[in-house]
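Remarks on the structure that follows.
Chains as they are written, first to last, in my numbering: chain U, 1 to 209; chain Y, 1001 to 1184.
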C-alpha cells in the first residue's frame, strides 16, 4: 500500500490501537462507559460493513444493534484484547451470513421480494436532494453489485473486507479464520476480475475527489 | 510469478504488488522501488481502490439511531438487599400469624376443654356400644323385622300365647268347683 493510501487508511481507522486496547480491557473489567466508547468508535464501521452486504439501511441498523449486543455479552470470551476489531468483524460477518441465509430461505417461499427491497434501499440510502447525486449513487451501487456478482464467495468477502472495510491482510485472516497466504490468493483473484471491470474503473475516476 | 530484470512489471505482478509487495521476488521489489513508471502504475491502481472505499463510505447512509445497550441493573451486595424496615415488617407479620393461629378456636386446647372432650368421647363410645349390642341380638334391619312380625314390641310371644294358646301344649283347666283341679 502506498504512503498516501496508508495515511488514508489510518486516518479513518477508529481510534488508535492502544486506545482501543485500553477501552477493551476496561470494558472486560465491567466498565459500561468503556464499552459505550467502543460502540461510538466502531458503530459507523459496523453499520457500513453490514450495509455493503445487505444494501438496506434498516437491516443494517438492526443487525448492528444485534452485533454490538452479542459483543457486549461475549466480551469476556475475547482472549486477545488487541484483536477486538477483527473479533467484532467476525461477529458481524456471521450475523450477516445468518441474515442472508434467512432472507434466501424466505425468498424461496415467496415471502420476500428482493427487487422491492433493493429499490427501497436505494431510496433510503441517502436523502440527497440532487437528482444527479441520486443517480450517481444508484449507478455506483449497481456497478458494485455487478462486480460482486462476478466474484466467488471468498473473493467477494476478502475484497470487501480489504478495500471497503479497510481491514489489513492479518485482520482479514483472523476474521475469516484462513491463512494470510489464502487471503492474498483470493484477493489477487478478486483484483484480477476488478481490473477487467472498465465501467466501475471509469466511475471511480469520474467520482474521484 | 516471473521476474524479468530490466523489464517493467506486468499486470499480474502489479496486482501482487498491490496485494502485498513482499510477495514479489526480491529483484522485482528492487525494480519497483526504483522504476517511477511501475511505481506510478501501482499507485494509480491503489488510488482507484482507495476511491472505491471512499465512495462507498460517502454513498452509504448514516445510522439514524445509536446502538443501545441493555439497561444496567444496580448491583446490590448479598445481605444488604433488604434494609431494617423490610426485616422488621417480616418479623411483625410472622409474630401476628403465630398469635392468630394460637388463639383461633379450632386449635386452642385448654385443660378444661380436654376434660369436656373426654366425657363427650365416652358418651359417644357408649352410644356406639349400645348400637353394637342391639345388632348382636338382632341384626335384621327394620323391614325384615316387620315381615317376620318382630318389629312391634307389644305383640311378643307371651302376649300371643295369651290370645291364642297353643294346641300342643298341655292345657290346664282350672275348675274352681267342688272337685278341685281336673286335668283335661
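All C-beta atoms, glycine included, are put in the ideal place defined by N, C-alpha and C.
Small disclaimer: the values here were computed from a predicted structure and weren't measured.
Residues of its chain near residue i, where Cβ-Cβ distance is below 6 Å and the 5 sequence neighbours each way are ignored
{"i": "residue 171 of chain U", "result": "86"}
{"i": "residue 1004 of chain Y", "result": "Any reading at residue 1004 of chain Y is ruled out, since the residue's pLDDT is 46, under 50, leaving its predicted position unreliable."}
{"i": "residue 1033 of chain Y", "result": "none"}
{"i": "residue 1052 of chain Y", "result": "none"}
{"i": "residue 37 of chain U", "result": "23"}
For residue i, three-class secondary structure by DSSP
{"i": "residue 119 of chain U", "result": "Unreliable placement is indicated for residue 119 of chain U, whose pLDDT of 47 sits below 50; the coordinate value is still reported in the next sentence. Helix, per DSSP."}
{"i": "residue 186 of chain U", "result": "helix"}
{"i": "residue 1001 of chain Y", "result": "Here residue 1001 of chain Y scores only 45 on pLDDT, less than 50, and its place in the model is too uncertain to base an answer on."}
{"i": "residue 72 of chain U", "result": "helix"}
{"i": "residue 1128 of chain Y", "result": "helix"}
{"i": "residue 1138 of chain Y", "result": "coil"}
{"i": "residue 1121 of chain Y", "result": "helix"}
{"i": "residue 53 of chain U", "result": "helix"}
{"i": "residue 1231 of chain Y", "result": "Nothing can be reported for residue 1231 of chain Y, as the shown portion of chain Y is limited to 1001 through 1184."}
{"i": "residue 1059 of chain Y", "result": "helix"}
{"i": "residue 1147 of chain Y", "result": "helix"}
{"i": "residue 211 of chain U", "result": "In the structure as shown, chain U starts at 1 and stops at 209, and residue 211 of chain U therefore has no counterpart that could be examined."}
{"i": "residue 150 of chain U", "result": "helix"}
{"i": "residue 1068 of chain Y", "result": "coil"}
Contact list for residue i against chain Y, beta-carbon separation under 7 Å
{"i": "residue 57 of chain U", "result": "1061"}
{"i": "residue 137 of chain U", "result": "1059"}
{"i": "residue 175 of chain U", "result": "The contacting residues do not exist; residue 175 of chain U stays about 17 Å from chain Y at best."}
{"i": "residue 20 of chain U", "result": "Chain Y residues near residue 20 of chain U: none, gap ~17 Å exceeds 7 Å."}
{"i": "residue 61 of chain U", "result": "1063, 1064 and 1065"}
{"i": "residue 89 of chain U", "result": "Those do not exist, as residue 89 of chain U stays about 15 Å from chain Y at its closest Cβ, beyond 7 Å."}
{"i": "residue 72 of chain U", "result": "1069"}
Residue i: CB within 7 Å of a non-hydrogen atom of the ligand HEM
{"i": "residue 1014 of chain Y", "result": "The ligand HEM is absent from the structure shown, which contains no ligand whatsoever."}
Integer-rounded CB distance, given that residue j should sit under 8 Å from residue i
{"i": "residue 65 of chain U", "j": "residue 91 of chain U", "result": "Their Cβ separation, rounded to whole angstroms, is 12 Å, which puts residue 65 of chain U and residue 91 of chain U out of contact at 8 Å."}
{"i": "residue 75 of chain U", "j": "residue 27 of chain U", "result": "6 Å"}
{"i": "residue 143 of chain U", "j": "residue 199 of chain U", "result": "6 Å"}
{"i": "residue 78 of chain U", "j": "residue 84 of chain U", "result": "7 Å"}
{"i": "residue 47 of chain U", "j": "residue 1026 of chain Y", "result": "With 8 Å as the limit, residue 47 of chain U and residue 1026 of chain Y do not qualify as a contact, their Cβ atoms being about 42 Å apart."}
{"i": "residue 1055 of chain Y", "j": "residue 163 of chain U", "result": "Not confirmed; about 11 Å, so no contact."}
{"i": "residue 39 of chain U", "j": "residue 68 of chain U", "result": "6 Å"}
{"i": "residue 1048 of chain Y", "j": "residue 169 of chain U", "result": "The pair is not a contact, with the Cβ atoms about 19 Å apart (cut-off 8 Å)."}
{"i": "residue 32 of chain U", "j": "residue 1069 of chain Y", "result": "7 Å"}
Per-residue burial, residue i [other beta carbons within 10 Å of its own, 16 or more giving buried]
{"i": "residue 96 of chain U", "result": "buried"}
{"i": "residue 1031 of chain Y", "result": "buried"}
{"i": "residue 1046 of chain Y", "result": "buried"}
{"i": "residue 181 of chain U", "result": "exposed"}
{"i": "residue 1125 of chain Y", "result": "exposed"}
{"i": "residue 99 of chain U", "result": "buried"}
{"i": "residue 30 of chain U", "result": "exposed"}
{"i": "residue 1137 of chain Y", "result": "exposed"}
{"i": "residue 61 of chain U", "result": "buried"}
{"i": "residue 1042 of chain Y", "result": "buried"}
{"i": "residue 1061 of chain Y", "result": "buried"}
{"i": "residue 1037 of chain Y", "result": "exposed"}
{"i": "residue 1084 of chain Y", "result": "exposed"}
{"i": "residue 1144 of chain Y", "result": "exposed"}
{"i": "residue 153 of chain U", "result": "exposed"}
{"i": "residue 53 of chain U", "result": "buried"}
{"i": "residue 42 of chain U", "result": "buried"}
{"i": "residue 1022 of chain Y", "result": "exposed"}
Contact set between residue i and chain Y, taken where Cβ atoms lie within less than 9 Å
{"i": "residue 146 of chain U", "result": "The premise fails here: residue 146 of chain U is roughly 14 Å from chain Y at the closest Cβ pair, so nothing lies under 9 Å."}
{"i": "residue 65 of chain U", "result": "1065, 1067 and 1068"}
{"i": "residue 201 of chain U", "result": "1048"}
Chain U contact residues for residue i, given Cβ-Cβ distances below 9 Å
{"i": "residue 1030 of chain Y", "result": "Going along chain U, no residue has its Cβ under 9 Å from residue 1030 of chain Y, so there is no contact; the nearest lies around 17 Å."}
Interface residues of chain U facing residue i [CB-CB closer than 8 Å]
{"i": "residue 1015 of chain Y", "result": "188, 191, 192 and 195"}
7 Å CB neighbourhood of residue i in its chain, flanking five on each side removed
{"i": "residue 72 of chain U", "result": "35"}
{"i": "residue 1035 of chain Y", "result": "1008"}
{"i": "residue 173 of chain U", "result": "179, 180 and 183"}
{"i": "residue 1017 of chain Y", "result": "1009, 1024, 1032 and 1042"}
Proximal residues of chain U, C-beta to C-beta of residue i below 7 Å
{"i": "residue 1053 of chain Y", "result": "163, 164 and 166"}
{"i": "residue 1020 of chain Y", "result": "169 and 184"}
Chain-ordered chain Y contacts of residue i [CB-CB under 8 Å]
{"i": "residue 213 of chain U", "result": "Lying before the first or after the last residue shown, residue 213 of chain U is absent from chain U, which here runs from 1 to 209."}
{"i": "residue 52 of chain U", "result": "1056 and 1060"}
{"i": "residue 141 of chain U", "result": "1059"}
{"i": "residue 48 of chain U", "result": "1056, 1057 and 1060"}
{"i": "residue 36 of chain U", "result": "1069"}
{"i": "residue 214 of chain U", "result": "Shown here, chain U extends from 1 to 209; a query on residue 214 of chain U therefore has no answer."}
{"i": "residue 43 of chain U", "result": "1063, 1066 and 1067"}
{"i": "residue 68 of chain U", "result": "1067 and 1069"}
Cβ-based neighbour list, residue i, same chain, cut-off 8 Å, excluding 5 preceding and 5 following
{"i": "residue 193 of chain U", "result": "147, 150, 151 and 155"}
{"i": "residue 158 of chain U", "result": "172, 176, 183, 186, 187 and 190"}
{"i": "residue 81 of chain U", "result": "21, 24, 25 and 28"}
{"i": "residue 1119 of chain Y", "result": "none"}
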